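In this text, residue positions in the sequence shown follow my numbering: the first is 2, and each later residue adds one. Using N, Cα and C, we set each Cβ at its ideal position, and we do this for glycine too. Predicted model only: the values in this text are computed from it and were never measured.
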Amino acid sequence: MIKTLVQKLWFMRVEFYRYFVVGIIGLMVDMGTLWLFIDKFHWSAILSLMINQFIVLTFIFYLNKFWAFKSNGQTRKEVQRYLTLYFFNYIIAIVWMWLWHNKFGFEPKLVRLVNIILAVSWNFLLYKFFVYNSKNTTVDNLSA
2 MIKTLVQKLW
12 FMRVEFYRYF
22 VVGIIGLMVD
32 MGTLWLFIDK
42 FHWSAILSLM
52 INQFIVLTFI
62 FYLNKFWAFK
72 SNGQTRKEVQ
82 RYLTLYFFNY
92 IIAIVWMWLW
102 HNKFGFEPKL
112 VRLVNIILAV
122 SWNFLLYKFF
132 VYNSKNTTVD
142 NLSA
């Protein structure tokens, strides 16, 4: 059982590497736009986060679809699944910012960075097996 798990993880290493690179680039876009909105435009942390998430959303989806996971599934179906996961992550990010910045006074960019680091763990598996899963897209293609 452990050997099978190790083999599966080893097989996914290239996808994880690409996912991680996309994540690093996404982190730079995310933190860069957050910095721009908060420090240069002087918007509130919550408003800045709400706007920057929509910018990062599209960027991350397409980079993961075509490069990290090399998916050839129906984009419409993948977008629906991606948006479901994104909405879940979006709510967590807003609550996280409200709690750690508004209630406890932590610096908003640090709060966002910690939130992103934690989200990496669950998002890889959900992208791999839910959003860009070829079995899901095969079923979607048959029913379309």
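| Asked | Found |
| --- | --- |
| Could you pull the start and end residues of the alpha helix (DSSP H) that L100 belongs to? | Segment: none, L100 is in no alpha helix (DSSP H) and carries neither H nor E. |
| Select from V112, G106, L37 the residue whose C-alpha is nearest the C-alpha of I95. | V112 |
| My assumption, with CB atoms under 8 Å, is that R82 sits in contact with F131. Please give the rounded CB distance. | 6 Å |
| Which term fits V7, buried or exposed, when burial requires 16 or more other beta carbons within 10 angstroms of its beta carbon? | exposed |
| What runs of the alpha helix (DSSP H), each 4 residues or longer, lie entirely inside the stretch 2-46? | 3-12, 14-36 |
| Could you tell me which of Y20, G24, W11, M29 sits nearest to K110, measuring between CA atoms? | M29 |
| Report all residues from its chain with a CB closer than 8 Å to the CB of N90; omit the five preceding and five following residues, and keep chain order. | A120, N124 |
| Within a Cβ cutoff of 8 Å, which residues of the same chain sit near M51, ignoring the five residues on either side of it in sequence? | I95 |
| Less than 7 Å separating the beta-carbons of N65 and V23? | yes |
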